[in-house]
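Okay, structure first, notes after.
Number of protein chains: 2
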Amino acid sequence: MSKIIFGIDVGGTTCKCGTFSKEGELLRKEEIPTRKDEGGSLILPDISEYIKGVLADMNMTTEDVAGIGMGLPGACLEDGTVNKCINLGWGVFNAANALSELTGIPVKIGNDANMAALGEFWVGGGSEYNSMVMVTIGTGVGGGVIIDGKPLYGFNGAAGEIGHLPLVEGETESCNCGKKGCLEQVASATGIVRTANRMLAESDMPSSLRSVPYISAKVIFDEAKGGDALAIQVTEYVCRYLGKGLACAAGMVDPEVFVIGGGVSAAGEYFINLIDKYYKECVFHASRQTKIVKAALGNDAGMYGAAKLILGN
Amino acid sequence: MSKIIFGIDVGGTTCKCGTFSKEGELLRKEEIPTRKDEGGSLILPDISEYIKGVLADMNMTTEDVAGIGMGLPGACLEDGTVNKCINLGWGVFNAANALSELTGIPVKIGNDANMAALGEFWVGGGSEYNSMVMVTIGTGVGGGVIIDGKPLYGFNGAAGEIGHLPLVEGETESCNCGKKGCLEQVASATGIVRTANRMLAESDMPSSLRSVPYISAKVIFDEAKGGDALAIQVTEYVCRYLGKGLACAAGMVDPEVFVIGGGVSAAGEYFINLIDKYYKECVFHASRQTKIVKAALGNDAGMYGAAKLILGN
Numbered sequence: 001m002s003k004i005i006f007g008i009d010v011g012g013t014t015c016k017c018g019t020f021s022k023e024g025e026l027l028r029k030e031e032i033p034t035r036k037d038e039g040g041s042l043i044l045p046d047i048s049e050y051i052k053g054v055l056a057d058m059n060m061t062t063e064d065v066a067g068i069g070m071g072l073p074g075a076c077l078e079d080g081t082v083n084k085c086i087n088l089g090w091g092v093f094n095a096a097n098a099l100s101e102l103t104g105i106p107v108k109i110g111n112d113a114n115m116a117a118l119g120e121f122w123v124g125g126g127s128e129y130n131s132m133v134m135v136t137i138g139t140g141v142g143g144g145v146i147i148d149g150k151p152l153y154g155f156n157g158a159a160g161e162i163g164h165l166p167l168v169e170g171e172t173e174s175c176n177c178g179k180k181g182c183l184e185q186v187a188s189a190t191g192i193v194r195t196a197n198r199m200l201a202e203s204d205m206p207s208s209l210r211s212v213p214y215i216s217a218k219v220i221f222d223e224a225k226g227g228d229a230l231a232i233q234v235t236e237y238v239c240r241y242l243g244k245g246l247a248c249a250a251g252m253v254d255p256e257v258f259v260i261g262g263g264v265s266a267a268g269e270y271f272i273n274l275i276d277k278y279y280k281e282c283v284f285h286a287s288r289q290t291k292i293v294k295a296a297l298g299n300d301a302g303m304y305g306a307a308k309l310i311l312g313n
Numbered sequence: 001m002s003k004i005i006f007g008i009d010v011g012g013t014t015c016k017c018g019t020f021s022k023e024g025e026l027l028r029k030e031e032i033p034t035r036k037d038e039g040g041s042l043i044l045p046d047i048s049e050y051i052k053g054v055l056a057d058m059n060m061t062t063e064d065v066a067g068i069g070m071g072l073p074g075a076c077l078e079d080g081t082v083n084k085c086i087n088l089g090w091g092v093f094n095a096a097n098a099l100s101e102l103t104g105i106p107v108k109i110g111n112d113a114n115m116a117a118l119g120e121f122w123v124g125g126g127s128e129y130n131s132m133v134m135v136t137i138g139t140g141v142g143g144g145v146i147i148d149g150k151p152l153y154g155f156n157g158a159a160g161e162i163g164h165l166p167l168v169e170g171e172t173e174s175c176n177c178g179k180k181g182c183l184e185q186v187a188s189a190t191g192i193v194r195t196a197n198r199m200l201a202e203s204d205m206p207s208s209l210r211s212v213p214y215i216s217a218k219v220i221f222d223e224a225k226g227g228d229a230l231a232i233q234v235t236e237y238v239c240r241y242l243g244k245g246l247a248c249a250a251g252m253v254d255p256e257v258f259v260i261g262g263g264v265s266a267a268g269e270y271f272i273n274l275i276d277k278y279y280k281e282c283v284f285h286a287s288r289q290t291k292i293v294k295a296a297l298g299n300d301a302g303m304y305g306a307a308k309l310i311l312g313n
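Here is the structure:
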């Protein structure tokens, strides 16, 4: 009978690898580098080697493994097909089958943001609820939708792509995705800095941001909390669009809770409260009381979610 | 053994009542008036009387009925609770239990737009697909989300409220829902007329719309098809926002197909193609090829969907 599960979160720099008991306990955790050379063709063999090493180390065989869950930075279908992971150099192929052939272990895959959502739903900020939308605000803005305990994949593997909702009217610059006016362009860590630089250039308002050596999202939130008028203007602008994004998510799936994660969420209650203010202003009245909470698992969320994919509901 | 199913679509003026075989065949169809006097307290007793009449007429008893599905113009929860139907004068109560007590037959309820979506999914425009988002463009803009053959209710019964996505920046007037900037304010039949009247007032552009005795959404689309520049400007503006709304829906649930229904959808291919043009412009690339099709069941969709709620997957 199988005893363990692997939860692997494949990122652009490292793969976070968790070994879990079938009861869901994290037994060990390591990171291996994501080797993107040769069109990303080394990544799955590296993961396979890692898993074989862990099994040897634990005196186990593939028979002891219930499955491998894997989160990937791209659109994933429920059948295991990945629809391009640009960051990894991958095209379209069945990544679940490929890793399964290398390891002899059943594999399921999901989009990394969906896996983070599933992890938070399982043991993190969403664990007391039945449905949730997670928004991960870091370098980009990712999202994941959980309904009745299951991640929503979407027909093209693109459900929960909240960062690319077309919310910003009149945007002239292009998003990484090629469109103009995506939420991510103002609300990601880089988007927040871009917004601040724009506002600094457009006004003569005195601001502590003018004298800091390096403007980051963290600095902007710190200065806003400290009362700097221009930094406050930036955070209000950013959170107004995030509130709109959450209102759109509520209008479509009406979850029980929103969970906010990613590096920018370290800005804490000030950030959450500001999003909530604008959310309440523009959401449909029936969803007005929906809670917005902070994520709890940090960078481990995706690894937990990938394992949960194997554990099932 | 039960032989028939009732599908009732409760509207503000009439209730459309369908009697279906367990195989899903529509056996008979009638409308009864929706009596809104006395706080809407006559509506369920009227439906109960109607059902008893049909059973007597068909020489059947309640034993012959598998269930009653009922679509209602308000937020509905899966447990049968209706969270206000302002049009009917209803507050918060379990409408499914109430009708079940009156009839002695099991009852399930759903929001009318969700039921229309389920009907179209079952035997209409969405019948070849596994997931869909329906948008009903009439007096208002309603929506319904179907995932894996099931309507998505949402925690507050508000999933699929696409008409109240906050998409229109800088809107100064209020929507019926109390907010400002809802998609419905520009894209419902009344919103389209309002948009035309604004554009007529703001410019001196000659337009056939200036001389028609009565401007309706139909007239505007007819004139646009005929080449009137201002009417074209109105339809482009309206469809740009509808395209954005669909792009937001795709970003959250990524359905296999969009089905467009309601009175305004009579504008046909011109309308669908224009929505599609703007959809493609602002949707996340993975969902770019998602089909947009016209609804097929007209005003019967809600009745079919209500019956399907009883038939199950």
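So the sequences go chain by chain: A and B. Going by UniProt numbering, 207 is the number at position 207 of the first sequence; the sequence numbering is gapless. Going by UniProt numbering, 220 is the number at position 220 of the second sequence; the sequence numbering is gapless. Ideal Cβ positions, reconstructed from N, Cα and C, are used throughout, including at glycine. These numbers come from a predicted model, not from an experiment.
Can you give me the C-alpha to C-alpha distance between residue i and residue j, rounded to a whole angstrom?
| i | j | result |
| --- | --- | --- |
| A/Thr-172 | A/Lys-180 | 7 Å |
| B/Gly-80 | B/Ala-158 | 14 Å |
| A/Ala-116 | A/Gly-305 | 6 Å |
| B/Arg-240 | B/Ser-127 | 27 Å |
| B/Cys-282 | B/Lys-244 | 6 Å |
| B/Thr-139 | A/Asp-148 | 33 Å |
| B/Leu-88 | A/Glu-161 | 37 Å |
| A/Thr-34 | A/Asn-176 | 22 Å |
| B/Gly-11 | B/Leu-72 | 7 Å |
| A/Asp-276 | A/Leu-242 | 9 Å |
| B/Leu-44 | B/Cys-248 | 36 Å |
| A/Leu-200 | A/Ala-266 | 24 Å |
| B/Thr-190 | A/His-285 | 21 Å |
| B/Pro-106 | B/Glu-63 | 11 Å |
| residue 369 of chain B | B/Leu-167 | Past the boundaries of the shown model lies residue 369 of chain B; chain B is included only from 1 to 313, so the question cannot be answered. |
Given that residue i touches chain A, what residues does it touch there, using C-beta distances under 7 Å?
| i | result |
| --- | --- |
| B/Cys-177 | Phe-284, His-285 |
| B/Gly-251 | Glu-161, Ile-162, His-164, Leu-165 |
In chain B, which residues lie less than 9 Å from residue i when you measure between Cβ atoms?
| i | result |
| --- | --- |
| A/Leu-27 | Ordered by position in chain B, no residue passes the 9 Å Cβ test against A/Leu-27, which lies about 33 Å from the chain. |
| A/Val-145 | Met-252, Val-253 |
Comparing C-alpha positions only, which one of the options sits nearest to residue i?
| i | options | result |
| --- | --- | --- |
| B/Asn-197 | B/Cys-175, B/Gly-53, B/Asn-313, B/Ala-231 | B/Ala-231 |
| A/Lys-308 | A/Asp-37, A/Pro-45, A/Gly-67 | A/Gly-67 |
| B/Gly-287 | A/Phe-155, A/Pro-45, A/Gly-163, A/Pro-213 | In the sequence as displayed, the identity of residue 287 of chain B is Ser instead of Gly. Checked all of A/Phe-155, A/Pro-45, A/Gly-163, A/Pro-213; the closest Cα to B/Ser-287 is A/Phe-155. |
| B/Asp-300 | B/Lys-291, B/Gly-261, B/Gly-142 | B/Gly-261 |
| residue 315 of chain B | B/Ile-32, B/Gly-149, B/Asn-59 | Any answer about residue 315 of chain B is impossible in this case: the structure gives chain B only from 1 up to 313. |
| residue 320 of chain B | B/Lys-150, B/Ala-56, B/Ala-296 | Any question about residue 320 of chain B goes unanswered here, given that chain B covers just 1 to 313. |
| B/Gly-263 | B/His-285, B/Glu-236, B/Ile-275, B/Lys-294 | B/Lys-294 |
| A/Lys-218 | A/Met-205, A/Val-234, A/Pro-206 | A/Val-234 |
| B/Leu-118 | B/Asn-97, B/Ile-105, B/Val-141, B/Tyr-153 | B/Tyr-153 |
| B/Gly-125 | B/Met-303, B/Asn-313, B/Gly-312, B/Lys-291 | B/Lys-291 |
| B/Gly-226 | B/Leu-246, B/Ala-250, B/Tyr-270, B/Ser-216 | B/Tyr-270 |
| B/Leu-246 | B/Gly-298, B/Cys-85, B/Ala-187 | B/Ala-187 |
| B/Tyr-279 | B/Gly-268, B/Lys-29, B/Gly-298, B/Glu-236 | B/Glu-236 |
| B/His-164 | B/Gly-178, B/Leu-183, B/Ser-174 | B/Leu-183 |
| B/Phe-6 | B/Asp-204, B/Arg-210, B/Glu-202, B/Thr-103 | B/Thr-103 |
| B/Leu-297 | B/Gly-143, B/Ser-211, B/Phe-221, B/Trp-122 | B/Trp-122 |
Counting C-beta neighbours from all protein chains within 10 Å, is the total for residue i 16 or more, i.e. buried, or is it exposed?
| i | result |
| --- | --- |
| B/Asn-70 | Checking the sequence, you will find Met at residue 70 of chain B rather than Asn. Burial call: buried. |
| A/Gln-289 | exposed |
| B/Val-145 | buried |
| A/Asn-273 | exposed |
| B/Tyr-214 | exposed |
| A/Val-253 | buried |
| A/Val-92 | exposed |
| A/Glu-169 | exposed |
| B/Ala-229 | exposed |
| A/Asn-114 | buried |
| A/Ile-192 | buried |
| B/Ile-4 | buried |
Identify the contact partners of residue i in chain A, using a Cβ-Cβ distance below 8 Å as the criterion.
| i | result |
| --- | --- |
| B/Lys-244 | Pro-166 |
| B/Gly-181 | Cys-282 |
| B/Ala-75 | Ala-286 |
| B/Ala-158 | Ala-250, Gly-251, Asp-254, Phe-284, Ala-286, Ser-287 |
What residues from chain A crowd round residue i, counting only those whose CB sits closer than 9 Å?
| i | result |
| --- | --- |
| B/Ser-131 | Gly-154, Phe-155 |
Against residue i, what residues of chain B qualify as contacts under a CB-to-CB distance less than 8 Å, listed in chain order?
| i | result |
| --- | --- |
| A/Asn-83 | Ala-286 |
| A/Ala-247 | Leu-165, Pro-166 |
List, in order along the chain, the chain B residues whose C-beta lies closer than 7 Å to that of residue i?
| i | result |
| --- | --- |
| A/Cys-17 | What A/Cys-17 touches in chain B: nothing, since even the nearest Cβ is about 27 Å away. |
| A/Glu-169 | Glu-169 |
Okay, do the segment 19 to 39 of chain B and the segment 127 to 141 of chain B touch, 3+ Cβ pairs below 8 Å being the bar? Look at the beta carbons and you see the segment 19 to 39 of chain B not touching the segment 127 to 141 of chain B: under three pairs across the two are nearer than 8 Å.
Three CB pairs or more closer than 8 Å across the segment 248 to 262 of chain A and the segment 134 to 142 of chain A: The segment 248 to 262 of chain A, when compared against the segment 134 to 142 of chain A, does touch it at the 8 Å Cβ threshold.
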